[in-house]
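>
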Amino acid sequence: MSVDGLSINLATVREQWGFAAAVDGCLRHGITAIAPWREQIAKIGLAEASRIVHQNNLHLTGLCRGGFFPAATAEKRSAALDDNRRAVDEAAELGADCLVLVVGGLAENSRDIVAARQMVADGLDALLPHARACNVPLAIEPLHPMYAADRACVNTLGQALDMCELLGEGVGVAIDVYHVWWDPDLAAQIARAGKMNAILAHHICDWLVPTRDMLTDRGMMGDGVIDLPAIRRMVEAAGGTPKQEVEIFSAQNWWLKPGDEVLKACIDRYENCCQSDSPA
Numbered sequence: 010m011s012v013d014g015l016s017i018n019l020a021t022v023r024e025q026w027g028f029a030a031a032v033d034g035c036l037r038h039g040i041t042a043i044a045p046w047r048e049q050i051a052k053i054g055l056a057e058a059s060r061i062v063h064q065n066n067l068h069l070t071g072l073c074r075g076g077f078f079p080a081a082t083a084e085k086r087s088a089a090l091d092d093n094r095r096a097v098d099e100a101a102e103l104g105a106d107c108l109v110l111v112v113g114g115l116a117e118n119s120r121d122i123v124a125a126r127q128m129v130a131d132g133l134d135a136l137l138p139h140a141r142a143c144n145v146p147l148a149i150e151p152l153h154p155m156y157a158a159d160r161a162c163v164n165t166l167g168q169a170l171d172m173c174e175l176l177g178e179g180v181g182v183a184i185d186v187y188h189v190w191w192d193p194d195l196a197a198q199i200a201r202a203g204k205m206n207a208i209l210a211h212h213i214c215d216w217l218v219p220t221r222d223m224l225t226d227r228g229m230m231g232d233g234v235i236d237l238p239a240i241r242r243m244v245e246a247a248g249g250t251p252k253q254e255v256e257i258f259s260a261q262n263w264w265l266k267p268g269d270e271v272l273k274a275c276i277d278r279y280e281n282c283c284q285s286d287s288p289a
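With the numbering used here applied, the sequence shown corresponds to residues 10 to 289, in that order.
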């Protein structure tokens, strides 16, 4: 089976390799689609990272990440917006399919989640003209509700799509199975996303039982309880065909293994656990 439909989010091997070594590792395994993180790019420099991307004809399924709009003061919100504009510029230089946005949680010392969501909408509205000018789609990634306070106050695909409808062209969603698999409205919202042409990215991993750490104990596909083929069928039925991007934070398991071993496992599980025609 071809790995053409597979992308590696470089968080999956961030403890083993820097950006250049991760690219070399992916190329050794025939993988030409990646999604780097901004700090990985910063360490090597944007110019050198861009050279590596374009010299190897890499497909960037996304750049992680922008967002974190809510803040307690106007000055901090303005600083966040400036940083997001820089993130758009980086995504444009690298030719990324989208800039993935983890929108941010509550403002400092706040309990007002409604206000936080309004700050997110306002921040996106202010960022969109620059993103449109740079031809960089913005992908809102709804995160599991356990992250509502500190990482993302947008917690369901429905909430994210509501924002997309309000904001208009240039904004869509990143569907990460780790964050949305539990949602009883998932099928309907993926279908809705398809009608809006809003499916910009599809991230995969698995939910372990038990989960030892809610941030850094994601599972390799097939090791947990997520019905990955079923979700892929939903995405494809909605007309979405983004590559399946493996994004695994695994402090106690996969980050401890050699990078090549991790990539071999990603390919094996992609082939055997993630296809829409696989048995559910």
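Built from N, CA and C at the ideal position, the CB exists for glycine as well.
All values derive from a computational prediction rather than experimental measurement.
Can you check which of these residues, I235, T225 and D106, is closest to A148 by C-alpha distance?
D106
> Kindly indicate which three-state DSSP category A235 falls into: helix, strand or coil?
Here residue 235 is Ile; the residue named in the question, Ala, does not match the sequence. It is coil, neither helix nor strand.
> Starting from S16, follow the alpha helix (DSSP H) in both directions and report where the run begins and ends.
Here S16 belongs to no alpha helix (DSSP H); instead the beta strand (DSSP E) covers L15 to N18.
> What residues match up with Q253 in a beta bridge as DSSP calls it?
Under the DSSP definition of a beta bridge, Q253 partners with L15 and H211.
> Given that a residue counts as buried once 16 or more other Cβ atoms are within 10 Å of its Cβ, and exposed if not, what is V271?
buried
> Kindly list the residues whose CB is nearer than 8 Å to the CB of P288, restricted to its own chain and excluding five residues on each side of it in sequence; keep chain order.
The pLDDT assigned to P288 is 43, lower than 50, so where the model puts this residue is not dependable, and the model offers no usable value.
> DSSP three-state label for R293, please.
Beyond the ends of the chain as shown, which are 10 and 289, falls residue 293; an answer cannot be given.
> By the 10 Å Cβ neighbour count, where 16 or more other Cβ atoms means buried, how is H212 classified, buried or exposed?
buried
> Would you kindly report the start and end of the unbroken alpha helix (DSSP H) that includes A135?
Run containing A135: I122 to A142, per the alpha helix (DSSP H) assignment.
> Identify whether H188 lies in helix, strand or coil by the three-state DSSP scheme.
helix
> So which of Q253, M229, G228 and D232 has the shortest CA-CA distance to I240?
Q253
> Under the three-state reduction of DSSP, which class applies to C173: helix, strand or coil?
Secondary structure at C173: helix, using DSSP grouped into helix, strand and coil.
> Relative to the C-alpha of G132, which candidate in A88, P219 and C143 has its C-alpha closest?
A88
> Quick one: what does DSSP say A158 is sitting in, helix, strand or coil?
coil
> Using a 10 Å radius around the Cβ and a threshold of 16 neighbouring Cβ atoms, would you call E174 buried or exposed?
Around the C-beta of E174, fewer than 16 other C-beta atoms lie within 10 Å, and the residue is accordingly described as exposed.
> Find the nearest neighbour of G231 within the set V129, D215 and V244, judged by alpha-carbon distance.
D215
> S287 by DSSP, collapsed to three states: which one?
The predicted position of S287 is uncertain, since its pLDDT is 46 and thus under 50; a value taken from the coordinates is nonetheless stated next. In the structure shown, S287 sits in coil (DSSP, three-state: anything other than H, G, I, E or B).
> Tell me whether M128 is buried or exposed, calling it buried when 16 or more other Cβ atoms sit within 10 Å of its Cβ.
buried
> Quick test of your reading: L90 and L136, contact by CB under 8 Å. State the CB separation rounded to the nearest angstrom.
6 Å
> Just to confirm the assignment: which complete alpha helix (DSSP H) runs, minimum length 4, are found wholly within the region 21-66?
28-37, 47-53 and 55-64
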